[in-house]
Structure formats: structure tokens, C-alpha cells
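Contents: one structure, followed by commentary.
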Amino acid sequence: MLNQVRACWLPPQLDDQLKRLSNARAPLVRQYSRDDEEVTVVFDVLSPNALSLTCSFLRDRQERVLREKSVYDIAQVLDLAAQRWLDPAYELRRQAIQQIALITGFSAEMVGHSIDLEQKSSRYPHLIQALSSELGDPAYLDSFRPNRHLGGYSRAHGPGLIGAIFSSNIPALPHLEVIRALLVKSACLGRVSRNEPIFLSLYAQTLFEIDPEIASCLAVTYWDHDDQSSEAAFFQGVDHLVAYGGTAQIDRLRATKPAALEATWHGHKMGLAYVTREALTQDNVESLANKISYDFSIFDGHACLCPQVCLVEKDGEVSPMAFAEECARQMRGWAARLPPRRLEVSDASGKYHLRELYLMRESMGEPVRVIDAPGDLSYMVVWEDNQAFAASPGDRFLKVVPVSDVVEAEAYLKPLRGYLQNVALAVPDHDLAVYGELGRKFAALGASRIVPPGIMGTPSMIWHHDGMPCLGRLVRWCDYELLEPEALLNSNPEALLDGLQLGDLQ
Amino acid sequence: MKDEAEFLSEKVADWMNRADGVGPPDSEFGALALDIFQFQFRAIEPYRKLCQRLGKTPDRVDAWQDIPAVSTNAFKHFCLFAGRPERISRTFKSSGTSNAAHCSQSYFSSNGLKLMDIAIERNAARMLFAEGRDSRILALAPSPEYAPASIMAYGMSRLIQKYGLKGSGFLLRAGGMDVGWITAALDDCVAQEVPVSLIGSSFGFVNLFDALKDAGRKFALAPGSRLMHAGGYKGRSREIDPKEFIDLASARLGLPDERIINLLGMTELASQIYDQVSSDKKAVEASHTSTTTRFKKPPPWVRTLLIDPRRAGLDESPFITRANQAGLLRHFDLANVERPLAIQTDDLGEWRLAQENGDALDGRRGGFEVLGRARSAEPRGCSISLEEFYRLQPADARRNGKEGAEC
């Protein structure tokens, strides 16, 4: 196996330019070890001057390359990249799985599965649909296009350069921001997380294999989060900041970024699962428990979209306790199919103490049952009656809480306000009335995505991530109005618009 | 008539008074530990229930190492006291947590306090005042009057009463640290050539060193002076590593590094564990760090084991026996007659001093080093950690229906 890998990626032309700059970069070497395996990661840390040069370079490439390309051609390249990453034999994918598993502790199976989940939703139709959903028509990015709502033409421009700061909790996620940037024809400068620094550089190599021109609009770098001068040069050089991270990280970035720099924040979020009594029958308890258990297993519970708790309505055909017991069987199955991450002693400590405490609470007659908690700490299923909400410690901790109805659930979930993101909702098939009522409640609590159980981990490219139009908010519009607003009040505006004979403005 | 707790406490006290060096052999420790376990199984209900749930009842436990350990977490939720609640004369609470409703509570009867006093005094006699020379003890901590729930303040007041020369006392008042007053107290010791024992919290000392630096003050404390610190930083001062602490203390107070020692104390334990500082050549070579080597050396009535939590629930042995391999500290404290004697902490530690075959010298012959608290790695990215979530909640949402444990 390769025991030394590079965490950063720079286009070759930029590499040449940086060689002419003195003290442009310093290699930072980090060792990652787990059990008996070890990997050395070399980070290319750029000096503030070099970062500024990188920003200018990327802007220049954006003007020469992306601005001249059709958004459909760009989407084709991204689609080819997704196809390569979905191929189990693809060399970079194999490298990524091996190295990310070693660095993050996630099992190789989980890393591979994450890559599949991420890339499956990054195909050409998804990219075009996402643009259509948020911009109306992707072609607005290529030229002034007729806009019948307006009675004229519109055109959308992405920023010259998007700067992205990544986190490490979902393996193989960072390419999402690169895709978003390239789709709006922006160059992208990414700063990887030290806890998962590998994926983005490998993805950049794929783009380079497919289209070196497009790849030249992307750079992947790293600096320590307390390196203020590098961060300042980064802020100075980019037009829009996209940042992932914990509350402390996001608060710090909010405070230090220039006020005028626009930003998209992806901070702490939480998910939950809700099972209605009508959806839980003897016939489907096994398949429903399987799907819910899958939602609790993916990313080992460390992603924002992972559920923290499973609320189950009482008085149905199957009790919440019996459902929890079935979940335990299913969690065991998922632990075998998608093994959990290898825990460090310090991570295992939290799980060990939690397990002990639950055992003690149960034996003391509290309304708690430890349904299954294997000694290897691979997962844990508990049933807990109507206690105050507590965030899950992650690592496949499935807590079933019985509730009388959604009103009780709302009270229970109150502390999540501001953090709620994904909800897996089990309702009887096609019962739109129930779906609608519960959907309204969870949307009011702040949810930004509601799905049936089993697909929490596969958000579509079209999803308004954290409730935002993540492509739409990046672009600046220019509208070419040919009519006075009063004209649209005309008795037959359609005829008027037809009369304008809006054609493409090249 | 003596009850069982008193009877066992007397046995332990007698044992402590006889103990010296590495103490009596394992078998003797084990016999007493198992007697106490039998008593605690009967007398502490949550503990009994846990043992039953784990299938580790006294009839199935025949080695002290197998006595079920209670997670420090449990002290936040349950009353773990062997006796009727009206016998509780003192309650200590853990500090430093961001969530007051989730602090550990440790209960003592007057009899239990007496046993702890003996543990504190005997331990200090062998580890802190081994040369038998009395000193003026100045505690950089609030007195028990100001901090009645602090087990550290209690322990320091015992040391002052037992070993302190005239002029000993607490240096912190309700208003916090008065640097002028502290420097005046130290100036007086220097002028009178009285050895000083400065004892206190680690974060208090760091703040003091910073203040002394700002004031441009240094002291040359009289020979025989020492510094003992405990309790970590808890976000109340900047965090520094042990080596830097020693360097700062040497620079500001003129103490040689073997006179600067750390103490591991916990609200859940009646005994404390001191640094053993050695300039033994072989040990120093093994430590690769400085001219002295130091590790935590439990007193003879305490045994410490290191466990790997990833193996603790399985059939295989969870104990770590190799040197320099991280595990969680599990203490067995005979002075905990009224509270579970086997305590599972979330402190990360490693054995120091390997034998030639690579196995570590255990706590009786060698010692361990504390590496810090095990906490799940920083919350990663957009998911949230339990700890962080609690910090973000308003105080009333934090209470899990309870204000800690009630007896």
C-alpha cells in the first residue's frame, strides 16, 4: 500500500508559478495510525502570498475556461467523474477507500458506501435538475435567455471564486461544493479538514484526467485553523465562502471573515425518525426496522442528516418496545454488512460509560430498557420512555422513545429548534393527509428535508441543503427588461410577450 | 454496637497505618476488597442492581480485579452511599462541568470522613512530607468555608491542620486571587526562611505564574519548600503541559523540579494518588524526558488498573498490561467503604516503566501517567457532540428531570 499521500492538489500551471515565488509553500507532514497500519500525509501549506497568487490564478482560469464553457458541458464532465468514482475497479476510488478508512477509522465498507451514496446523486440529470429547480433554466448561466415572467431577458453569473472550508464527518462529501461551484461556473479553492484530508485531492485528479482545463479551476490546500494570516489571504481572495463545521468553528469564521464577504454556513444540524402507529404493522415491522436501522447506521451516526432519536407512536399493532427489539436485530445485520468505525480508546470511553449508565438506570427501575448493547460497542439500542431530549453520542446509538402523538413529540423535540434538519417519517403508504399534517409540524420545527425511512443518507442534489437554495444563492442575476411593469397588466400579456419575439441573445 | 461499615473502616484504617512501601501483598488487599464488596453489594442498592444486571454478584467474584466498577457517570445520577441517608454528614460535588445538574455527588458519614482523613494524612506523610520536615502550608484554593462541596478544599484543610506550621492557611477568598496578598505571604516566608508547601489547583497556579510574570516577581523559596497541584485546568486558565508547568514553577518560585508534584484526586475517591518523582538512573533512561521521571504511584490501599473499553464488555480480559498503551484508569480504593470501592473513570492513562519482556510494572511496583480526559474527539463537522449540545441549551432544558442525585 502507499504509505505516503498528498493531501493537497494544485493545477500544474499554478505549481510552476508557485515555484517562482520564494517561500511559497512548506510541507506539513502528519502521521495517521490505527492499530498496526500507518499512513503519512503531506500537506502543501501555502504562504499567504502564495494563497493570494492561487486566488488570482483561479480567477484567471475561471474567466478563460469556465466562463467560455456551456453549463451542459461542465455537467457532462462532472457526470463522467461520478461514473468513474462509482466504478469499483477505479484506482483512485480504491486508494480513497483504503486511505480514508485508515485516517478516519470508518470501515472500508462504509467509506465505499459513502462514495456510492454521494456519487449516485451527482449524475448529469441530477445536476441539470438541481440547476433547473433553483434557476428556472440552467441556460441562464450561458447567455441572456428569454424570461417570459419578466418580459425580457435574464442571465445568471456565478462568483469568480468560491472558497470552501470542509469538515470530515462524512467521508467523500467535499466534492459536493466543488460540483456546486463548477455548475455556476465558479473556480473553487478548498481547504480540507485535517481529519479527512484525502478525498478532495483524489477527486481533483479525476477531473484532471477527464478535463485538465476544468481541473485548472480548482485548488485544494490546507492551513492550520489558527493560522490567521493564511485565513486572511483566503478571505481576501474569494468572492463567496462556504463553510462546514461545528458551532465553535462557524462562530469563529463568522467573526473573522470580512463583513462584505458573502457566505453559506453549514453548521450543526440533527435529524430524527418518526413512526406513526398506522405505519407500524406486523406485516412491515421487519422492513421498517431495517430501514430505520440503516438510517441510524450510515456514517456511524456522525452526519448532520443522521437521526438522533426514533419516536414511535404508542397503541399501534406493534408496540414501540417490540419495534425496538426488531431494530436491535436489524442493527446487528447492518453492523455485519457495513461495519462500524474502529473506535479509539477515548471514543470508546464515552460509549462504555453510556452503556453502563443505561444498564444501571434500567436495573434501578427507571423507564429505560437496554434492548441490545454488545460488549464490542458496535451499536446500542435502547428504549426510553418520554425523557427529556438528549442528543445522541453517535456511533450507532438507536434510541426508541414512545410517544402518544405528534403533539407530545413536538414538546419533546423543542430543544432541537434551530438544529433540526432531516426527518425520516413513516406513514401509511399514500396517506397524503397524514403526511401533510406531520410534514407541516416538522417543517415548523425547522426541518429542511422529510423523507421515508431508509433514505436519510441519500439527499438528492435538488434538496435545499439546510433550507437554502445552495446554487441559487451563489448567482447574481442581470435582467434585461423590455417592458414597463404596467404592460404585464395588459388584457393579453401572453400575446404581448409573443410579440416581443424573444430569441437568444448571444 | 459497631455496624458493618464501622467495622470494615477500622480494618482498613488499621491496614493503612501498617502499610509502608509497596504495602501488603495482593492477596491481603484482595481479601479486604472482597469483604468490602460483599458489604457494598448489600448496602448500596443501585450498585447491587448493576452487579446483578452484569451477573457479577459476590458469589461469582473471587478476585478483586473482577469487582464490578461503577462508572463515574453513575455518581451524577444515583445516590451511591452505603447507609441510611440521615447518616450523611458531608456531600462533595465535582466541579468544572459546564452543566451543574450533571455533577458527581459523593456522600460521607462522619465515620467515612475519619477514614478519608487517615488516607489523606498517611498518603501525604509518605509522598509529600516524607522527610518529616514541617512547613508553612499555603493553599492556593478557597477554604472549605467558601467551598464546602469541594473535596480538594477539604483535603487541603486536613493537610494544613495536620502538617502546617503557624501562618499556614488558604490564600483565596471569596473575591478570588489577590496577587499582592499572595506575594506578601511568600515574601514573609522567604524573609523568615521558613519552608513553604504551596498546594492548590493547577489552574490557580497557572494564573498565579502569569500574574507573577506580569508583576516581574520571582521568589527563592527556602530549602525544603515544595509545590503540589491537582485538578487540571477545566478551562479556567490556559492549558499547559506538565513539563511547562514544572518550568514555570521552577522559574517563579525557585523550586527544583523534584519538589513540584501533581496529585490525582477525584470526588468519587477518598484516596488520592501522588506523583512519584525519581531520579533513579534506570527510570530516567526509560522516560526519555528529563533528569527526573515521574509517574502516579497509588498508595498501598489503592490499586489501579488500566482497561481497554473496547474489550470491557467481552469475555476476554479488558486489562492493559503493556507499557505505553493508552487505556482508562480503574481505581480500587479501600478507603471507599461507604461508596463503591471500584471506580471506572474516563481518565486516559498509560503504564510507565516496562519490564524486559515489554510488560509494564503495575501500580504496586511502577506507576501510571495520566494522559488526560477521554472525550469523544472534537465534534466533527456538521454533526453535534453531546457535550456541545448541552452547552448550547438554556439551563432549564438541561435538567434531565433531576438536580443530580438525591439520597
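Going down the list, the sequences are from chains A and B. Heads up: the first sequence runs through residues 5 to 510, numbered per this note's numbering. Heads up: the second sequence runs through residues 2 to 408, numbered per this note's numbering. Think of the CB as a built atom: it goes at the ideal place given N, C-alpha and C, for glycine as much as any other residue.
1) Please report whether the beta-carbon of residue 349(B) lies at a distance below 8 angstroms from any beta-carbon of chain A.
2) Can you confirm whether residue 325(A), when its beta carbon is compared against all beta carbons of chain B, has any partner nearer than 8 angstroms?
3) Curious, which full-length beta strand (DSSP E) runs of at least 3 residues does the stretch 384-466 of chain A contain?
4) Could you list the residues in the stretch 340-353 of chain A with a C-beta less than 8 angstroms from some C-beta on chain B, going in chain order?
5) Which whole runs of the beta strand (DSSP E) in the stretch 252-287 of chain A are 3 residues long or more, in chain order?
6) Relative to the C-alpha of residue 371(B), which candidate in 33(B), 353(B), 197(B) has its C-alpha closest?
7) Provide the residue(s) that pair with residue 13(A) in DSSP beta bridges, ordered along the chain.
8) For residue 309(B), decide whether its Cβ has a neighbour in chain A, counting only Cβ atoms nearer than 8 angstroms.
9) For residue 155(A) and residue 489(A), what's the separation of their Cα atoms in angstroms?
10) Closer than 8 angstroms, Cβ to any Cβ of chain B: which residues of the stretch 103-123 of chain A, in chain order?
11) Mind checking if residue 44(B) is an interface residue toward chain A, Cβ cutoff 8 angstroms exclusive?
12) By DSSP, does residue 78(B) sit in helix, in strand, or in coil?
13) List the residues of chain A that residue 325(B) touches, going by C-beta distances under 9 angstroms, in chain order.
14) Once you ignore the five residues that flank residue 66(A) on each side, which residues in its own chain have a CB closer than 6 angstroms to its CB?
15) Leaving out five residues on either side along the sequence, give the residues of the same chain with a beta carbon under 8 angstroms from the beta carbon of residue 36(B).
16) Tell me residue 308(A)'s beta-bridge partners as DSSP assigns them.
17) Comparing C-alpha positions only, which one of 331(B), 365(B), 342(B), 336(B) sits nearest to residue 353(A)?
18) Closer than 9 angstroms, Cβ to any Cβ of chain A: which residues of the stretch 66-93 of chain B, in chain order?
19) Flag residue 39(B) as yes when its Cβ comes closer than 7 angstroms to any non-hydrogen atom of the ligand MN, and as no otherwise.
20) Return the Cβ separation of residue 32(A) and residue 234(A) in integer angstroms, given the expectation that the two are a contact with Cβ distance under 8 angstroms.
21) Would residue 47(B) count as contacting chain A if we go by Cβ distances under 8 angstroms?
22) With respect to the alpha helix (DSSP H) encompassing residue 238(A), which residues constitute its N-terminal and C-terminal limits?
23) Nearest-angstrom Cα distance between residue 143(B) and residue 171(B)?
24) Would you say residue 363(A) reaches chain B, if we count a Cβ-Cβ gap shorter than 8 angstroms as a contact?
25) Which one of 363(B), 154(B), 346(B) has the shortest CA to CA distance from residue 76(B)?
26) What do you get for residue 150(A), buried or exposed, if any count of 16 or more other CB atoms within 10 angstroms of its CB means buried?
27) Name the residue from 186(B), 358(B), 42(B), 34(B) whose alpha carbon lies nearest to the alpha carbon of residue 168(B).
28) Measure the C-alpha to C-alpha separation of residue 370(A) and residue 383(A) and round it to an integer number of angstroms.
29) From 208(B), 232(B), 60(B), pick the residue whose C-alpha is nearest to that of residue 249(B); which is it?
30) When you compare each of 216(B), 226(B), 217(B), 174(B) to residue 195(B) by their alpha carbons, which one comes out closest?
31) Report the partner residues of residue 173(B) according to the DSSP bridge assignment.
32) Taking only runs that begin and end inside the stretch 87-136 of chain B, name each unbroken beta strand (DSSP E) of 3 or more residues, in chain order.
33) Determine the direct distance from the alpha carbon of residue 375(B) to that of residue 18(A), and round the result to whole angstroms.
34) Can you check whether the CB of residue 315(A) is closer than 8 angstroms to the CB of residue 428(A)?
35) Expressed to the nearest angstrom, what Euclidean distance is found between the alpha-carbon atoms of residue 379(B) and residue 446(A)?
36) Please list the partners that residue 53(B) has in chain A, where partner means a Cβ-to-Cβ separation under 7 angstroms.
Straight from the coordinates:
1) Translated into the one-based positions of the second sequence, residue 349(B) becomes position 348. So, interface residue.
2) Within the first sequence, numbered from 1, the residue matching residue 325(A) stands at position 321. Not closer than 8 angstroms to any Cβ of chain B, the Cβ of residue 325(A) fails to qualify, so no.
3) 384-388, 401-407, 424-430, 453-455
4) 347, 348, 349, 350, 351, 352, 353
5) 266-270, 274-279
6) As a working note, residue 371(B) is residue 370 in the second sequence. The option with the nearest alpha carbon to residue 371(B) is 353(B).
7) Looking up residue 13(A) in the first sequence gives position 9. Its beta-bridge partners are 224(A).
8) Start at 1 with the first residue of the second sequence, and residue 309(B) comes out as number 308. It does: the Cβ of residue 309(B) has a partner Cβ on chain A nearer than 8 angstroms.
9) Within the first sequence, numbered from 1, the residue matching residue 155(A) stands at position 151. Within the first sequence, numbered from 1, the residue matching residue 489(A) stands at position 485. Straight-line Cα distance between these residues: approximately 9 angstroms.
10) none
11) Mapped onto the second sequence, residue 44(B) falls at position 43. Answer no: the Cβ-Cβ gap between residue 44(B) and chain A never drops below 8 angstroms.
12) Residue 78(B) sits at position 77 when you count from the first residue of the second sequence. Here residue 78(B) carries a helix assignment [DSSP, helix/strand/coil].
13) Translated into the one-based positions of the second sequence, residue 325(B) becomes position 324. Those within 9 angstroms of residue 325(B) in chain A number zero; the least Cβ separation is about 13 angstroms.
14) Translated into the one-based positions of the first sequence, residue 66(A) becomes position 62. The answer, listed in chain order, is 164, 191, 221.
15) By one-based count along the second sequence, residue 36(B) stands at place 35. Excluding positions up to five away in sequence, the list reads 9, 12.
16) Reading the first sequence from its first residue, position 304 is the one you call residue 308(A). Answer is none; residue 308(A) lacks a bridge partner.
17) Counted from its first residue, the first sequence places residue 353(A) at position 349. Considering only alpha carbons, the answer is 331(B).
18) 70, 71, 72, 73, 74, 75, 77, 78, 79
19) As far as ligands go, the structure on display features none, and thus does not contain the ligand MN.
20) For this step, residue 32(A) is matched to residue 28 along the first sequence. For this step, residue 234(A) is matched to residue 230 along the first sequence. The pair is not a contact, with the Cβ atoms about 12 angstroms apart (cut-off 8 angstroms).
21) As a first step, residue 47(B) must be located in the second sequence, where it is residue number 46. For residue 47(B), the nearest beta carbon of chain A is closer than 8 angstroms to its own beta carbon.
22) For the purposes of this step, residue 238(A) is taken as the residue at position 234 of the first sequence. 232-241 is the span of the alpha helix (DSSP H), which, as asked, contains residue 238(A).
23) Start at 1 with the first residue of the second sequence, and residue 143(B) comes out as number 142. Start at 1 with the first residue of the second sequence, and residue 171(B) comes out as number 170. Taking the straight line from one Cα to the other gives about 6 angstroms.
24) As a first step, residue 363(A) is located in the first sequence; it is residue number 359 there, counting from the start. So, interface residue.
25) For the purposes of this step, residue 76(B) is identified with residue 75 of the second sequence, where counting begins at 1. Among 363(B), 154(B), 346(B), the Cα nearest to that of residue 76(B) belongs to 346(B).
26) Indexing the first sequence from 1 puts residue 150(A) at position 146. The residue in question, residue 150(A), is buried, as its Cβ has 16 or more Cβ neighbours within 10 Å.
27) Sequence index remark: in the second sequence, residue 168(B) carries index 167 (1-based). Selected option, being the one with the closest Cα: 186(B).
28) Taking the first sequence and counting its residues from 1, one reaches residue 370(A) at position 366. Taking the first sequence and counting its residues from 1, one reaches residue 383(A) at position 379. Rounded to the nearest angstrom, the two C-alpha atoms are 21 angstroms apart.
29) In the second sequence, counting from the first residue as 1, residue 249(B) sits at position 248. Per the Cα distances, 208(B).
30) Walking along the second sequence from the start, residue 195(B) turns up at place 194. Among 216(B), 226(B), 217(B), 174(B), the Cα nearest to that of residue 195(B) is on 226(B).
31) Counting from 1 along the second sequence, the entry for residue 173(B) is found at position 172. 143(B), per the DSSP bridge assignment.
32) 91-94, 106-109
33) As a first step, residue 18(A) is located in the first sequence; it is residue number 14 there, counting from the start. As a first step, residue 375(B) is located in the second sequence; it is residue number 374 there, counting from the start. Spanning the two alpha carbons is a distance of roughly 43 angstroms.
34) If you number the first sequence from 1, residue 428(A) lands on position 424. If you number the first sequence from 1, residue 315(A) lands on position 311. No, they are not a contact pair.
35) Position 378 of the second sequence, counting from 1, holds the residue named residue 379(B). Position 442 of the first sequence, counting from 1, holds the residue named residue 446(A). For residue 379(B), the pLDDT reaches just 36, beneath the cut-off of 50, and the residue's location in the model is therefore unreliable, leaving the point undetermined.
36) If you number the second sequence from 1, residue 53(B) lands on position 52. Neighbours of residue 53(B) on chain A, chain order: 367.
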